[in-house]
Amino acid sequence: MMITFARHPLGAILWPMIVIYIIGAVLIDLQYQFLQHSAASGNLRQTSLEIPSILPEPWKSQGCYFDVGRTLTDGQYINNVNMTDESCISYCSSKSLNYAGTEYSSECYCGNTLASGAGPAPALDCEMPCTGNSSEPCGGPSRLNLFWNGKAPPQTNSGPGLWNFSGCYTEGQGGRTLVYQEATSNASQMSVSLCTSACAAAGYNLAGLEYATECWCGNFLSNGGVLAPEGISGCSTLCSGNSSEYCGGPNRLDVYNYNNATITSEPTATSTTNPSASSTAPPSIQETIGAYNYYGCRTEGVDARALSSKASADSSMTLEGCEANCVGYTYFGTEYGRECYCGNFFSNGSISAVDVECNFPCAGNSSEFCGASGRLSVYQLNTTLGNTIPPPNTAPHVSGLPADWIYDGCWVDGPSRPLKYQQPDNQNLTVESCVAICITLNYQVAGLEYGSQCFCDNVIESGGILATSPADCNMPCSGNATQICGSSNRLSVYSNGTVQTSQKALFLRTLSAGSWLMDKPRDDVGGNGTFPYQIISTGNDTAESCLIQCQTFGYNAAGLEYSSQCFCGDLENISVANTSFVDASRCDVDVLEIQQPFAAV
């Protein structure tokens with residue numbers, strides 16, 4: 039069984055590590071060049087993969103590029119069977135993204151801009167054949183075959199009509215910077231023109247866009263909102279309705295002013311967001327609101343909403359008004375005195391807070407509490423419609439699954455995927471659709487993550503473990519909010535029987551292939567790498583087969599990297615490359631396929 043190394047989709051990268059084995063005598067010092075051996079013929083050769091001569095218009099090849107941490111960050115998927123340069127371009131084009139890049143034979147990445155530091159790399163660094171077409175290259179380790187459609191990257195909109203861009207601003211500390219949220223017909227279609235038009239119609243001269251989908255209005259900057267210290271880079275989230283422009287970011291607002299209106303801070307605190315505002319009676323916690331009971335004070339989510347199914351804002355907000363807006367949802371929560379959020383689950387890292395932190399009076403009834411800055415006063419439906427989180431090893435209610443498929447719990451995801459075969463992200467994902475995809479591809483295990491991601495495999499790889507709490511999987515599916523599709527770094531796993539886990543790879547301290555001994559793990563230097571020669575063979579994906587091949591060609595040092603790459607050279611190459619020892623844990627990503635368990639000596 040081949041174990042494939044795949045990078046995390048949120049962008050974390052593991053620096054190339056190489057496990058080095060050495061043998062006795064020193065041979066001839068070799069001129070440093072990156073050529074490849076054919077293990078089948080024994081002849082020295084260079085690969086001859088070619089970029090497709092015909093690409094979808096107007097896409098053009100940009101050559102081989104360094105992948106710096108993650109050069110393209112706006113979309114990705116992995117296909118270990120059918121990846122091609124053309125299919126990657128098609129995927130990125132469908133997401134209206136301007137760059138596409140293939141990497142490591144099976145990975146596709148998309149983006150509208152290249153990360154800082156990305157630049158051309160030697161063409162021979164991008165010589166791994168595509169899994170779907172062995173005659174064309176799909177990048178290499180930390181290398182992208184890059185394609186561009188010729189379009190300019192997204193720009194900050196300078197302002198439609200008489201509206202002018204004023205800068206990227208921080209969200210307020212004690213309330214919203216712009217306190218009035220405008221409800222638009224479809225937040226998924228948010229754009230600068232849509233928000234500024236809504237604010238103008240409501241009579242405001244300031245408009246702010248946040249989190250890609252939110253529109254805020256006002257006539258002053260409130261609650262300490264100021265220009266973001268990092269500048270415009272903090273407002274880097276693409277608008278949900280126009281990927282050619284930006285709509286703020288996490289706790290950051292792209293602010294526009296109408297007809298060059300002067301931007302000033304609010305001269306006095308408003309009663310809608312100031313907990314110290316005078317009232318005829320002090321506010322208190324209301325234990326029951328309609329069919330809902332008080333659940334507690336909770337933190338807002340990290341970089342996204344804790345209750346994400348529905349949202350509204352009203353300068354006359356009351357608990358009763360929010361409850362009426364959230365009929366049918368398990369939870370409703372009020373925030374900042376005037377905001378209302380609904381949902382069946384808590385997402386994005388929301389946790390319990392002490393009640394005294396929810397201390398803003400409701401804008402429409404100062405005797406009630408309506409959350410606070412970054413805090414939600416939460417109420418729960420007292421007629422339980424079902425568990426909000428699936429209990430351990432108990433299937434959530436999902437209809438339409440094949441009879442033999444069951445829920446296998448919430449599993450931890452990590453740097454090396456427990457389920458290796460990622461499918462394209464799907465904003466309409468359901469449990470049924472993910473399972474159906476995996477069945478079509480002849481896999482026996484399906485995993486759902488982060489609401490819209492689907493993974494397939496036949497076993498849980500990489501020493502995967504169950505989450506400490508089934509509540510870790512708490513994110514609703516993007517295509518069905520009544521179902522759970524994992525969470526951040528958590529997988530909701532289904533299988534057609536009891537799921538199996540694979541043996542976690544171990545280092546081989548001694549090997550039967552001659553008198554080889556294991557050196558310590560080392561950094562594999564950028565550019566050409568530590569060793570000048572790579573063995574190309576379908577049988578080089580175990581430690582012993584790699585060493586046998588290197589010994590056959592007369593080399594006295596060998597290294598294994600990225601689960602299936604075998605490199606050969608001599609001791610001088612290690613010193614010339616100036617590699618350094620690293621902790622063994624940095625090679626703990628299934629770099630070797632171990633066909634039988636070996637005990638470390």
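Residue numbers (my numbering): 39 to 639.
Heads up, the beta-carbon is just placed ideally off N, CA and C, and yes, glycines get one too.
Candidates the options, of which the one nearest residue i by Cα
i, options, result
"P96", "Y532, P179, C237 and E124", "E124"
"Y218", "S350, P320 and N195", "S350"
"E599", "Y142, K98, S405 and D112", "Y142"
"T300", "D352, C176, N243 and R413", "N243"
"S180", "Q114, R413, E165 and D105", "D105"
"I327", "V416, Y571 and L585", "V416"
"E145", "T151, G592, T122 and Y137", "T122"
"A505", "G402, E338 and V450", "V450"
"G269", "T194, I389, D495 and Y296", "T194"
"Y488", "F384, V394 and A225", "F384"
"D352", "D393, A240, R343 and T478", "A240"
"N534", "N496, T520, S390 and P288", "N496"
"T520", "D442, Y147, P456 and S347", "S347"
"K458", "R413, L414, V119 and A236", "V119"
"P198", "S404, P94, A238 and T169", "A238"
"S231", "Y333, P94, N295 and D393", "N295"
"A263", "T337, T251 and S411", "Per the sequence shown, residue 263 should be read as Gly rather than Ala. Residue S411 is the option with its Cα nearest to G263."
"D442", "K133, Y532, P167 and L152", "Y532"
"T336", "R413, A225 and A153", "The sequence as given places Arg at residue 336; Thr does not occur at that position. Nearest of R413, A225 and A153 to R336, Cα basis: R413."
"E499", "L439, P456, Y332 and A225", "P456"
"T215", "T590, E395 and D292", "D292"
"G339", "T368, S390 and N298", "S390"
"S388", "Y137, N397 and L345", "L345"
Extent of the continuous beta strand (DSSP E) to which residue i belongs
i, result
"L479", "Premise fails: L479 is in no beta strand (DSSP E) and is neither H nor E."
"D446", "I444 to V450"
"Q114", "G113 to I116"
"N202", "W201 to T208"
"N363", "Careful: N363 lies outside any beta strand (DSSP E), inside the alpha helix (DSSP H) at L357 to N363."
"F370", "Y369 to E373"
"Y333", "Y330 to T337"
"F384", "Careful: F384 lies outside any beta strand (DSSP E) and carries neither H nor E."
"G569", "Here residue 569 is Phe; the residue named in the question, Gly, does not match the sequence. Premise fails: F569 is in no beta strand (DSSP E) and is neither H nor E."
"Y294", "R290 to Y296"
"W186", "R181 to W186"
"F104", "K98 to F104"
"L87", "Per DSSP, L87 belongs to no beta strand (DSSP E) and is neither H nor E."
"P175", "N171 to P175"
Endpoints, the alpha helix (DSSP H) within which residue i is located
i, result
"A236", "V230 to A239"
"D123", "D123 to S132"
"I586", "A581 to T590"
Cβ distance (whole Å) where residue i is taken to contact residue j below 8 Å
i, j, result
"Y447", "P508", "At residue 447 the sequence reads Gly, which differs from the Tyr that was named. So it is a contact: roughly 7 Å between Cβ atoms."
"L182", "G213", "Contact flag wrong, Cβ pair sits at about 44 Å."
"Q460", "I127", "Contact flag wrong, Cβ pair sits at about 18 Å."
"G113", "D463", "7 Å"
"N537", "V469", "According to the sequence as given, residue 537 is Val; it is not Asn. 15 Å between Cβ atoms; not a contact."
"E641", "C255", "No statement about residue 641 is possible, as the shown extent of the chain runs from 39 to 639 and does not include it."
"S278", "Q324", "With 8 Å as the limit, S278 and Q324 do not qualify as a contact, their Cβ atoms being about 34 Å apart."
"P192", "N150", "5 Å"
"C148", "C130", "4 Å"
"G286", "E248", "4 Å"
"L87", "E174", "6 Å"
"W186", "N136", "6 Å"
6 Å CB neighbourhood of residue i in its chain, flanking five on each side removed
i, result
"C511", "C448, I522, G524, S525, R528 and S530"
"S196", "F203"
"S229", "C277, G279 and N280"
"R290", "C206, A266, G272 and C273"
"A596", "Y59, C584, L585, C588 and C606"
"G564", "A caution first: G564 carries a pLDDT of 42, below 50, which makes its placement in the model unreliable, though a value can still be read off. Excluding residues within five positions, none has a Cβ falling inside 6 Å."
"N312", "Confidence at N312 is low in this model, with a pLDDT of 42, below 50, so its placement is unreliable and no value can be given for it."
"W201", "T234, Y294 and Y296"
"D393", "C335"
"N171", "T122"
8 Å Cβ cutoff, residue i in contact with chain C
i, result
"A484", "Among the chains of the structure shown, chain C does not appear; only one protein chain is present."
8 Å Cβ shell around residue i - same chain, five flanking residues per side excluded
i, result
"C400", "P321, M355, T356, L357, T372, G375, R376, E406, F407 and C408"
"A63", "Residue placement at A63 is poorly supported in this model, since its pLDDT is 26, which falls under 50; the coordinates still yield a value, given next. Closer than 8 Å at the Cβ level, and outside the excluded window around A63, lie N594."
Close-in-space but distant-in-sequence residues of the same chain around residue i (CB under 7 Å, 5 per side omitted)
i, result
"S303", "F258 and L259"
"Y330", "E361, F370, Y417, Q418, L419 and N420"
"C472", "A484, L486 and C492"
"G101", "P158, A161 and L184"
(message) For the structure I just gave you, are there three or more beta carbon pairs, one from the stretch 379 to 388 and one from the stretch 360 to 369, closer than 8 Å?
(response) Yes, since at least three Cβ pairs between the stretch 379 to 388 and the stretch 360 to 369 fall closer than 8 Å, the two stretches touch.
(request) Count the CB pairs spanning the stretch 198 to 208 and the stretch 155 to 170 that are closer than 8 Å, and state whether there are at least three. (result) no
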